[in-house]
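S.K.:
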Amino acid sequence: MYIIKRCAVSQDGYLDDSSEERLIISNKKDFDQVDELRSQMDAILIGANTVRKDNPRLLLESEFRKRQRLDSGQRGHPIKITLTKSGDLSPDSNFFTAGQADKIVYCTANIYEGLKERLKNLAEVIAVGQEEINLKALLEDLEARGVKKLLVEGGAGTVTEFLKQGLINELQVAIAPFFVSDNKAPRFLVDGQIPFNEDNRLRLINEERVGSMIVLTYKKTAVD
Ligand SMILES: NC(=O)c1ccc[n+]([C@@H]2O[C@H](COP(=O)([O-])OP(=O)(O)OC[C@H]3O[C@@H](n4cnc5c(N)ncnc54)[C@H](OP(=O)(O)O)[C@@H]3O)[C@@H](O)[C@H]2O)c1
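Each residue of the sequence shown is one higher than the last, beginning at 27 in my numbering.
1) Taking 8 angstroms as the cut-off, is the CB of K129 close to at least one heavy atom of ligand 1?
2) Excluding five sequence neighbours on each side, which residues of the same chain lie with their C-beta closer than 8 angstroms to the C-beta of K92?
3) If V151 and N160 are in contact, beta carbons under 8 angstroms, what's the gap, nearest whole angstrom?
4) Is R48 near ligand 1, with its Cβ less than 8 angstroms from a heavy atom?
5) Going by alpha carbons, who is nearest to L189 out of R227, T123, D167 and K210?
6) Using a Cβ-based criterion (distance less than 8 angstroms to any ligand heavy atom), does T243 qualify as near ligand 1?
7) Could you check whether the region 213 to 222 touches the region 44 to 59, counting it as contact only if at least three pairs of C-beta atoms, one from each stretch, sit closer than 8 angstroms?
8) Using C-beta distances below 7 angstroms, list every residue in its chain close to V77, excluding the 5 sequence neighbours before and after it, in chain order.
9) The alpha helix (DSSP H) that contains Q94, what's its start and end?
10) With H, G and I counted as helix, E and B as strand and the rest as coil, what does DSSP make of V77?
11) Can you tell which of V185, L164, K79 and D58 has its C-alpha closest to the C-alpha of S45?
12) Counting only the same chain and skipping the five closest in sequence on each side, list residues whose C-beta sits under 6 angstroms from that of Y28.
13) Beta strand (DSSP E) containing R229: first to last residue?
14) Should N209 be counted as a contact of ligand 1 given a C-beta to heavy atom distance under 8 angstroms?
15) Keeping to the same chain, check which residues put their C-beta closer than 7 angstroms to that of A182; ignore five residues upstream and five downstream.
16) Tell me whether L109, by its Cβ, gets closer than 8 angstroms to a heavy atom of ligand 1.
17) Start and end of the beta strand (DSSP E) containing E196?
18) Let me check one thing: in DSSP terms, what residues is G180 bridge-paired to?
19) Please name the residue, chosen from K162, N209 and P82, that lies closest to A74 on a Cα-to-Cα basis.
20) Within 8 angstroms: the Cβ of E166 and any heavy atom of ligand 1?
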């Protein structure tokens, strides 16, 4: 499976501010690039905090792209995926209610029964791991469903875990020309031992100006 991480950050590396409202970091062109990228994916994954905080629909916006997918025999939208240990997900969130996409919630075994009952008819609930989410088991399950391209959209906790385990093949970071400068706000990553450091750098493979933003694309240094 090929796993891409894409995010938008402020100049100083924040994903959001600390207010209740979602901070809009992207510009119109970046949103459109994300829509294009989503249209090429089999599935899109976000952490449960992003479901709670941003309440995203996680759907394709472009009718043309949706039509192209349908014409080529794919589902109109990529599968929506989230993961949770707490099970604190509202059945009313847009993740579950918006659009015709398939939805999967990966959780730990200790909360499986209750969550399955609560999300009945809204999403498939799958336990991967007893008390911790086992990302490798999660990816194996997705592979068995034919998922070959996965977009990890965030947030920080989720992405840090994927990076720690060396699971991201390609990283796309869209940088906006403003600062957040608020230490209560989430940064791109949380603390963690990530196997990319000064001695093992990511390989920059593209830089692209997207209006006032710049998108940097990296791959692992090792040959993928
Ligand atoms: N700018 C951007 O491109 C962008 C994109 C996405 C998100 N964001 C921002 O990122 C912020 C949210 O980031 P975040 O770090 O707080 O949260 P997050 O990564 O969205 O979600 C973290 C939660 O997901 C579950 N989870 C994720 N990985 C897990 C694992 N390996 N094992 C067990 N549970 C796991 C847990 O849910 P439970 O707590 O339910 O157990 C965990 O608390 C929001 O402010 C959002 O606006 C920005």
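Beta carbons are placed, not taken as given, at the ideal position from N, Cα and C, and that holds for glycine.
M.R.: So, from the data block:
1) no
2) S65, L86, G102 and H103
3) At roughly 15 angstroms, the Cβ-Cβ gap does not stay under 8 angstroms, so V151 and N160 are not in contact.
4) Yes - ligand 1 has a heavy atom lying nearer than 8 angstroms to the Cβ of R48.
5) R227
6) no
7) no
8) T108, L115, S119 and F121
9) Q94: member of the alpha helix (DSSP H) spanning E89 to D97, first to last residue.
10) helix
11) K79
12) K175 and N195
13) R229 to V236
14) no
15) L41, P212, R213, F214, L215 and V216
16) yes
17) E196 to I201
18) I72
19) Comparing Cα positions, the closest option is P82.
20) E166: no, Cβ never under 8 angstroms from ligand 1.
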